[in-house]
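Asker: This is the structure I have questions about; it appears just below.
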Amino acid sequence: MRKRVLGIAVMGVALTGAAACGGGASSKTDTPVDETITIEAKNVKFVPNSITIPAGKTVKLILKNSDAGTEHDLASDDLMVSMTQGGGHGSGHESTMAGDASMMLAVHTKEGETNSIIFKAAKPGTYNIYCTIAGHRDAGMIGTITVV
Ligand SMILES: [Cu+2]
8 MRKRVLGIAV MGVALTGAAA CGGGASSKTD TPVDETITIE AKNVKFVPNS ITIPAGKTVK
68 LILKNSDAGT EHDLASDDLM VSMTQGGGHG SGHESTMAGD ASMMLAVHTK EGETNSIIFK
128 AAKPGTYNIY CTIAGHRDAG MIGTITVV
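Mapped onto the working numbering, the consecutive letters of the sequence shown carry residue numbers 8 to 155.
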C-alpha cells in the first residue's frame with residue numbers, strides 16, 4: 008500500500024521534471040496556452056491517434072515517447088501552423104520563430120523523453136499526422152488532428 012502511493016508520487020515528480028525540461032536552459036515557460044494536449048508514442052502508435060484542437064488558439068502539444076530503444080516524432084504534411092515555441096529536432100535546437108511563419112507541424116522525441124511545441128493552427132479541417140522515423144508510418148504510427 009505504502010509502496011503504491013510512493014510510486015505514484017515518484018512518477019509525478021518524474022513527469023513534472025520531464026515537462027519542465029524543454030530543451031533550452033532559458034526556455035520560455037510563460038507562453039500563455041489555451042489548450043494543452045498530450046499524445047503518447049507507445050508501441051509504435053500514437054495514443055490517442057486522433058485529437059481535436061481549436062482554430063486560432065494557442066495549443067501546446069506534448070509528445071511523450073514511452074518506447075524504449077527508438078525515437079519518434081509527430082509530423083504533418085498538410086497542417087501548416089504558426090510555431091510559438093519548440094519544434095525542430097529536440098533538445099538544444101528550439102525554433103524561435105516569432106509565430107508569424109507558417110510551417111509544417113513537427114515535434115521529435117528521443118526514447119523515453121518528452122518534447123513539446125506551442126503553435127496555432129488557423130485553418131479548420133482534418134489533417135494527417137504520422138511518425139517520420141523509417142518504418143513507423145507503415146507500422147501504423149499515424150493519426151489525425153482536426154482543427155475546428
Ligand atoms: Cu515513431
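We put the CB at the ideal spot given by N, CA and C, even for glycine.
#1: With hydrogens ignored, establish whether the beta-carbon of Pro148 is closer than 7 Å to any heavy atom of ligand 1.
#2: If you reduce the DSSP assignment to three classes, tell me which class Val154 lands in.
#3: Between Gly142 and ligand 2, is there a pair consisting of the residue's CB and a ligand heavy atom that are separated by less than 7 Å?
#4: Report, in whole angstroms, the separation of the C-beta atoms of Gly150 and Asn56, which I expect to be a contact under 8 Å.
#5: Just checking my contact of Ala75 with Glu118 at CB under 8 Å: how many whole Å lie between their CB atoms?
#6: Mapping DSSP to helix, strand and coil, what is His143?
Answerer: Working from what's here:
#1: Here residue 148 refers to the residue found at position 141 when the sequence shown is read from its first residue. First, the amino acid is wrong: residue 148 is Met here, not Pro. Checking every heavy atom of ligand 1 against the Cβ of Met148, one is found closer than 7 Å.
#2: As a working mapping, residue 154 is identified with position 147 in the sequence shown. Three-state DSSP puts Val154 in a strand.
#3: Ligands in the displayed structure: ligand 1; ligand 2 is not one of them.
#4: Taking the sequence shown and counting its residues from 1, the one referred to as residue 150 is at position 143. Taking the sequence shown and counting its residues from 1, the one referred to as residue 56 is at position 49. Correct: roughly 3 Å between the Cβ atoms.
#5: For the purposes of this step, residue 75 is taken as the residue at position 68 of the sequence shown. For the purposes of this step, residue 118 is taken as the residue at position 111 of the sequence shown. Indeed they touch by this definition, with Cβ atoms about 6 Å apart.
#6: Locating residue 143 in the sequence shown gives position 136, where the first residue counts as 1. Three-state DSSP puts His143 in coil, outside helix and strand.
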